[in-house]
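Heads up: the structure comes next, in structure tokens.
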Amino acid sequence: MTTRRPISCCILSLLLLPACAALRDAPPERTVRVRVVADARLREKDPRWRDTAGGLLRAASDFYEREFGVKLAAVAIDPWEFDEETPLVSTLLKDLMRRYPPAGGAYDVTVGLTGSRVAFYAGGRGLALLGNCEKGLGDYLVSSVDAPYHYTGRSSEPTLDVVALIHEFGHIFGAEHSRDAESIMHVPFDYRSDFDPKSRAIVKNNKLCPFAK
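The end of the sequence shown is residue 224 by the numbering used here, with every number in the run present.
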């Protein structure tokens, strides 16, 4: 009698392990097709800018896949022929939208990565079009990159540049700035690891909405 409970627990754990693995490896509910472009400042600072751009998006995708079932897939990683030094992310966003009009539905979101030292516009590190289900999710964002990045897997700790990209994608899905000091959406922007409940609910509710056209 004394051995039944440990054996039962062991059997139960063996049965649960495949189920947990299946949940972890379940296909995403949505795949967002992303075009990533890097400006001249980033390309000058980082000879391996393509690896940095792809790695940052993949790390941000790990977060969105785990928390919301949304995969951010890089369809293209290209040079962004913007070579001015400007601290205004609003200027960068306008240029991004002008140079890269919607490409016949080939991409859902265009991400512009900049190596410029941007002003903390509205307390953040970048700028994104705020989305909603009525008018469509945002389809452009700019995010600054401070350092080269090497993706090392799902278990790696996100850097501040990764968190900044997660923050801007939060706006794409409709989350606004938060007063919760522990939230990724809090301003002034700093290193944080999760969304506040309100922002989380907004992203969850909007994640399957159509993108703006």
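C-beta atoms are modelled at their ideal positions from N, C-alpha and C, and glycine is treated no differently.
When DSSP states are grouped into helix, strand and coil, LYS146 belongs to the coil group. Around the beta carbon of HIS161, fewer than 16 other beta carbons lie within 10 angstroms, which makes this residue exposed. Under the DSSP assignment, ILE195 falls outside any alpha helix (DSSP H); it carries neither an H nor an E label. THR42 and TYR118 have their C-alpha atoms some 11 Å from each other. Non-local C-beta neighbours of GLY185 in its own chain, meaning closer than 6 Å and more than five positions away in sequence, comprise GLY142, ASN143, ILE213, ASN217, ordered along the chain. For the 8 Å CB-CB criterion, PHE222 and ASP157 do not form a contact.
For PHE74, the CB contacts under 6 Å within the same chain, skipping 5 residues up- and downstream, are ILE177 in chain order.
When C-alpha distances from ALA51 are compared across ALA84, GLY65, SER194, GLU96, the shortest belongs to GLU96. A straight-line Cα-Cα distance of about 19 Å links LEU124 and ALA114. Rounded to whole angstroms, PRO159 and VAL173 show a C-alpha spacing of 11 Å. Cβ neighbours of HIS197 within its own chain (closer than 8 Å, five residues either side excluded): HIS188, SER189, ARG190, ASP191, ARG203, ASP207. DSSP places THR125 outside any alpha helix (DSSP H); the residue lies instead in the beta strand (DSSP E), whose first and last residues are 120-125. As the crow flies, the alpha-carbon of LEU138 is around 12 Å from that of PRO98. Spatial neighbours of TRP60 in its own chain (CB-CB distance under 6 Å, excluding positions within 5 residues in sequence) are listed in chain order as ALA49, LEU53, ARG54.
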